[in-house]
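Here the sequence shown is numbered in the working numbering, starting from 363 and rising by one per residue. By construction, the Cβ of each residue, glycine as well, lies at the ideal position given by its N, Cα and C atoms. Computed from a predicted structure; not experimentally measured.
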Amino acid sequence: VQEYRGIPVLVYPAQDTGIVYFSLYFALNGIRKEALAEVGEFADLLMSLPTENYTVQQLRQAIRRDLGTLAFGTTAISADHDPDRAIPLLQVVCSVMKKNLGKAVDLILEIIQKTKFEPEMIKPLIAQEAEMNRQNLISAGHAAAVLRTASQYNASDAAKEYRSGDKSIEWTANLNKNFDEKIGTLIDNLYMYQ
């Protein structure tokens, strides 16, 4: 266990190849299951919108130039191996050359804390996501059915259902259909997650 900028970090020793692979997990304790689709949208929008100091193009260039990979998402883990309890998490996965580790951390903080949620940029992303969800249900509806069924048996799959299953698909379709009346509340909540 080490400390980095005041945060406890668990480091696993590995052969030094000059590349650092790391995952960051931010616990989302207290988030209601009904809000998981919204939190997932927060993660999905990161890197697709400008930040205070970067345009989307500049952000993508900085990631390609200074990092290997960078992805944001959500997941859930069972709490104390109890199938009835789960902790939802915001997840950041990154690979970077060791010499650029500081740049990676700064860029991740910029993206998480300073993304600008602009309605005119969000609207086409939501429309695209809603259509992609519709097409996925047509081509792989069985996967949604499996997740829906699994969600009845343990809390982590229930969280996944609200994040990426039918509940999330319904939430995105509703947002897309009623975008103008719902976007104000959504943006307020997205800034709260920062």
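Assigned secondary structure, residue i (DSSP; H/G/I helix, E/B strand, else coil)
i	result
valine 363	coil
glutamine 377	coil
serine 513	coil
glutamine 453	strand
serine 410	coil
isoleucine 393	coil
tyrosine 416	coil
Own chain partners of residue i with C-beta closer than 7 angstroms, once the 5 adjacent residues on each side are dropped
i	result
alanine 489	Asn538
alanine 517	Ser440, Pro445, Asp446, Arg447 and Ala448
alanine 433	Val455
Best match in the options for proximity to residue i [C-alpha to C-alpha]
i	options	result
glutamate 480	Tyr366, Gly392 and Val418	Val418
leucine 499	Phe384, Ser530 and Ala397	Ser530
Residue i versus residue j: straight-line alpha-carbon distance, rounded
i	j	result
methionine 554	proline 486	22 angstroms
arginine 422	valine 363	32 angstroms
glutamate 491	arginine 525	13 angstroms
tyrosine 383	glutamine 420	23 angstroms
Proximal residues to residue i (C-beta, below 6 angstroms), its chain only, five neighbours per side dropped
i	result
glycine 435	Ala405 and Gln453
alanine 466	Leu429, Cys456 and Val458
Considering only residues of the segment 443–502, which uninterrupted alpha helix (DSSP H) runs meet the minimum length of 4 residues and lie entirely inside it, listed in chain order? 463–476
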